[in-house]
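Beneath this line is the structure, given in structure tokens, with notes to follow.
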Amino acid sequence: MARWFHLSSFSANKLNGLSCVFLFLADIISTVEFNATGELLATGDKGGRVVVFQREQESKNQPHRRGEYNVYSTFQSHEPEFDYLKSLEIEEKINKIRWLPQQNAAYFLLSTNDVWAENTTWSSLEVALDKSAF
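Per mature numbering (1 follows the signal peptide of the UniProt record, and there is no 0): the sequence shown = residues -31 to -1, 1 to 103.
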């Protein structure tokens, strides 16, 4: 039987010494997808963001950490748009994420909203360079 644990919140603030969590509609997860190996997990939210998590390596010293995922990469996949021909607003909400088969060291995924599909690619080296800039 799978057991789930909540380990962190990104929108937590303190108000009058009390810990409060503000939930914004854009922060609600709308889709979840594992890659073929289960090493990576991508989540899409109603704000058009994609967060990719990487599975923590199993350690014999800390067996309780088995199955834990850490943030690997975050990016804005879709922005709100307006279709002037149809006079309707296009939501940025991510409807579906699909991992493409891995052909080399790079990872590819497709994310869709109601109208557009975005192809995103990155490699482990690019992510490592991005993290060192902060």
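We put the beta carbon where it would ideally sit given N, CA and C, even for glycine.
_Please report the distance separating the alpha-carbon of GLY16 from that of PRO70._
26 Å
*Among ALA(-6), GLY36, LEU(-7), SER(-2), nearest to THR81 - alpha-carbon criterion*: SER(-2)
_With a threshold of 6 Å on Cβ separation, who are the neighbours of THR89 within its own chain once the five nearest residues in sequence on each side are excluded?_
Short of 6 Å from the beta carbon of THR89, and not among the five residues preceding or following it, lie these beta carbons of its own chain, in chain order: LEU78.
*Reduced DSSP secondary structure (H/G/I, E/B, other) of ARG83*: What sits at residue 83 in the sequence shown is Asp, not Arg. Residue state, collapsed to three classes: coil.
*For HIS47, which option in VAL19, THR6, PHE(-8) has the closest C-alpha, if you only look at C-alpha atoms?*
VAL19
*asked:* Restricting to Cα atoms, I'd like to know which of ASP83, TRP85, TRP68, ILE(-4) is closest to GLU8.
replied: TRP68
_Closest to PHE44 by C-alpha separation, out of PHE22, GLU37, ASN4, would be which residue?_
The option with the nearest alpha carbon to PHE44 is PHE22.
*Ordered along the chain, which non-local residues of its own chain (more than five positions away) have a Cβ less than 8 Å from that of TYR41?*
LEU9, VAL21, PHE22, GLN23, VAL96
*For ILE(-4), count neighbouring Cβ atoms within 10 angstroms of its own Cβ and tell me buried if that reaches 16, exposed if not.*
exposed
_Any heavy atom of the ligand GTP inside 7 Å of the beta-carbon of ASN30?_
Of ligands this structure carries none, so the ligand GTP is not represented either.
*Is DSSP giving ALA74 helix, strand or coil here?*
coil
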